[in-house]
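For the sequence shown, our numbering assigns the number 1409 to the initial residue and increments by one for each residue that follows. A short worksheet on the structure shown next.
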Amino acid sequence: MRVAVFGARSYDRLFLTVSNAGHGHDLRFIDAPLDPLTASLSRDCRAICAFVNDRLDGEVLTILRGNGVEIAALRCAGYNNVDLKAADQLGIAITRVPAYSPHAVSEFTIALLLALDRKIPRAWARVRENNYALDGLVGRNLHRRTVGVVGTGQIGALVARTLRLGFGCEVIASDPAPDPALEAIGVEYVSVDALLKRAEIVSLHCPLTPETRHLIDAQRLADMKPGALIVNTSRGALIDSKALVDALKARHLGGVALDVYEQEAGIFFDDLSNEIIDDDVLQRLLTFPNVLVTGHQAFLTEEALAAIAETTLTSLSDFEAGRPLLHRLRATNGMGDVR
Ligand code: NAD
1409 MRVAVFGARS YDRLFLTVSN AGHGHDLRFI DAPLDPLTAS LSRDCRAICA FVNDRLDGEV
1469 LTILRGNGVE IAALRCAGYN NVDLKAADQL GIAITRVPAY SPHAVSEFTI ALLLALDRKI
1529 PRAWARVREN NYALDGLVGR NLHRRTVGVV GTGQIGALVA RTLRLGFGCE VIASDPAPDP
1589 ALEAIGVEYV SVDALLKRAE IVSLHCPLTP ETRHLIDAQR LADMKPGALI VNTSRGALID
1649 SKALVDALKA RHLGGVALDV YEQEAGIFFD DLSNEIIDDD VLQRLLTFPN VLVTGHQAFL
1709 TEEALAAIAE TTLTSLSDFE AGRPLLHRLR ATNGMGDVR
């Protein structure tokens, strides 16, 4: 089957090509992200493959369907960028990779937390200049600190478990579906509001839905403990970024580590080192000494990329062969609501 692979980076090409040896699809790699302008590149393709910042709204899906596309395979877990209702109405099947390596993301979350808290990027920048002074690099032990994990699905559960059993943190959590295995190791479930008031460190692991957009807004930032840290490796729009800048300017937060950013589409995954960036909020965030930003790389391990490629291509092979699609998303009440 001919597949237009949008936003294809070197690592996508490598792992999809290796995995495709067992599937035999005709993969057309396209550098550009999927949007209303590039959607026409799907001509003659029965399938497309897309990633987190590709646009699969009603406008793009209509163009894809007009080109004969019958299936869009997301090579990611999150699907907040897809209008599932429009896809269902147009008859385009949407699949995703619900689990590829929660370890990749949970380990990166812990790495970000430690790097932020122990000021490792600042220390490394100094040492490279032969500055071995330690002033300004004082951190805190993780041991016995209270960490709030919002969303204890596959990734959040691993983060909670590692912090509880590995570092001896007090872990509180918030999730509409509490995990008894976490409760058994002493994780206490509380409401999001209670969590934000009690936690010294907050790590976000819930999906982005209309209900969770700006879950962390100005009011909730103000309610957080003074000096609290926030780590977000889930989706940028869980946090109101402008309110975050204000909370940092007010010296209310201790620090923030972000692998995802609300307006990352069009910025992340590209080398813009020679460009002038128009996004003033991101640029302001980058000026704080207590902010650490990475470009949506928590998933980026060899194990995860191999698993993503295999699951994505298996969905396409199953579709071509008329077999049931294990990881199909369907809409009930509109964008982001699946059964
Ligand atoms: P998952 O579906 O296994 O778990 C999500 C959990 O969030 C579920 O337990 C759900 O009940 C809970 N939840 C839903 N709404 C909530 C709310 N309002 N408050 C608290 N909890 C809520 O998902 P996962 O595999 O653990 O992934 C979590 C998120 O991580 C994904 O949605 C995705 O956006 C993000 N992610 C990021 C990267 C990256 O590279 N940075 C990679 C993979 C996934």
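Heads up, the beta-carbon is just placed ideally off N, CA and C, and yes, glycines get one too.
Identity of the residues DSSP links to residue 1663 by a beta bridge: Start at 1 with the first residue of the sequence shown, and residue 1663 comes out as number 255. DSSP lists 1637 as partners of residue 1663.
Could you check whether residue 1554 and residue 1608 sit closer than 7 angstroms to each other, using their CB atoms as the reference points? Taking the sequence shown and counting its residues from 1, one reaches residue 1608 at position 200. Taking the sequence shown and counting its residues from 1, one reaches residue 1554 at position 146. A contact, by the Cβ cut-off of 7 angstroms.
Using DSSP with H/G/I as helix, E/B as strand and the rest coil, what is residue 1423? Counting from one through the sequence shown, the residue named residue 1423 turns up at place 15. Of the three classes helix, strand and coil, the one that applies to residue 1423 here is helix, per DSSP.
Mapping DSSP to helix, strand and coil, what is residue 1741? The count along the sequence shown starts at 1 and reaches residue 1741 at position 333. The predicted position of residue 1741 is uncertain, since its pLDDT is 46 and thus under 50; no value can be drawn from it.
The beta strand (DSSP E) that contains residue 1437, what's its start and end? Along the sequence shown, one-based indexing puts residue 1437 at 29. 1434-1437 is the span of the beta strand (DSSP E), which, as asked, contains residue 1437.
Quick check on DSSP: helix, strand or coil for residue 1596? As a working note, residue 1596 is residue 188 in the sequence shown. Three-state DSSP puts residue 1596 in a strand.
In terms of DSSP beta bridges, what is residue 1457 paired with? Stepping through the sequence shown from its first residue, residue 1457 is reached at position 49. Answer by DSSP bridge pairing, in chain order: 1413 and 1481.
In three-state terms, what does DSSP make of residue 1620? Reading the sequence shown from its first residue, position 212 is the one you call residue 1620. If DSSP states are grouped into helix, strand and coil, residue 1620 belongs with coil.
When the distance is taken between beta carbons, is residue 1634 closer than 7 angstroms to residue 1660? Your numbering for residue 1660 matches position 252 in the sequence shown. Your numbering for residue 1634 matches position 226 in the sequence shown. For residue 1660 and residue 1634, yes; Cβs fall inside 7 angstroms.
Kindly list the residues whose CB is nearer than 8 angstroms to the CB of residue 1631, restricted to its own chain and excluding five residues on each side of it in sequence; keep chain order. As a first step, residue 1631 must be located in the sequence shown, where it is residue number 223. Cβ neighbours of residue 1631 beyond the five flanking positions: 1601, 1604 and 1605.
Roughly how far, in whole angstroms, is the beta-carbon of residue 1714 from the beta-carbon of residue 1414, given that I think they are within contact range, below 8 angstroms? Reading the sequence shown from its first residue, position 306 is the one you call residue 1714. Reading the sequence shown from its first residue, position 6 is the one you call residue 1414. Actually they are not in contact, since the Cβ atoms of residue 1714 and residue 1414 sit about 20 angstroms apart, beyond 8 angstroms.
Under three-state DSSP, which class holds residue 1588? Residue mapping note: residue 1588 aligns to position 180 of the sequence shown, counting from 1. Reduced to three states, the DSSP call for residue 1588 is helix.
What are the partner residues of residue 1501, as DSSP defines its beta bridges? The sequence position of residue 1501 within the sequence shown is 93, counting from 1. DSSP links residue 1501 through a beta bridge to 1479.
If you follow the alpha helix (DSSP H) that residue 1728 is part of, which residue opens it and which one closes it? If you number the sequence shown from 1, residue 1728 lands on position 320. Judged by DSSP secondary structure, residue 1728 falls within the alpha helix (DSSP H) whose first and last residues are 1710-1729.
Residue from 1511, 1425, 1565 and 1476 whose Cα sits closest to the Cα of residue 1708: In the sequence shown, residue 1708 corresponds to position 300, counting from 1. For the residues 1511, 1425, 1565 and 1476, the minimum Cα distance to residue 1708 belongs to 1511.
As assigned by DSSP and simplified to three states, the class of residue 1563: As a first step, residue 1563 must be located in the sequence shown, where it is residue number 155. Here residue 1563 sits in helix by DSSP.
Run the CB neighbour count on residue 1419, radius 10 Å, all protein chains shown included, and call it buried at 16 or more, exposed below. As a position in the sequence shown, residue 1419 is number 11, starting the count at 1. Result: exposed.
Which residues in the same chain have their Cβ closer than 7 angstroms to the Cβ of residue 1625, if we skip the five residues on either side of it in sequence? For the purposes of this step, residue 1625 is identified with residue 217 of the sequence shown, where counting begins at 1. Closer than 7 angstroms at Cβ, skipping near neighbours: 1648 and 1651.
Suppose contacts are defined by Cβ-Cβ distances below 7 angstroms. Is residue 1670 in contact with residue 1703 by that definition? Locating residue 1670 in the sequence shown gives position 262, where the first residue counts as 1. Locating residue 1703 in the sequence shown gives position 295, where the first residue counts as 1. No. Outside cutoff.
Given 8 angstroms as the limit, is there contact between the stretch 1529-1548 and the stretch 1485-1504, that is, 3 or more CB pairs closer than that? With the cut-off at 8 angstroms, the stretch 1529-1548 and the stretch 1485-1504 do not touch.
According to DSSP, is residue 1736 part of a helix, a strand, or is it coil? Reading the sequence shown from its first residue, position 328 is the one you call residue 1736. Looking at residue 1736 - three-state DSSP - the assignment turns out to be strand.
For the alpha helix (DSSP H) containing residue 1554, list its first residue and its last residue. As a position in the sequence shown, residue 1554 is number 146, starting the count at 1. Premise fails: residue 1554 lies in the beta strand (DSSP E), 1554-1558, not in any alpha helix (DSSP H).
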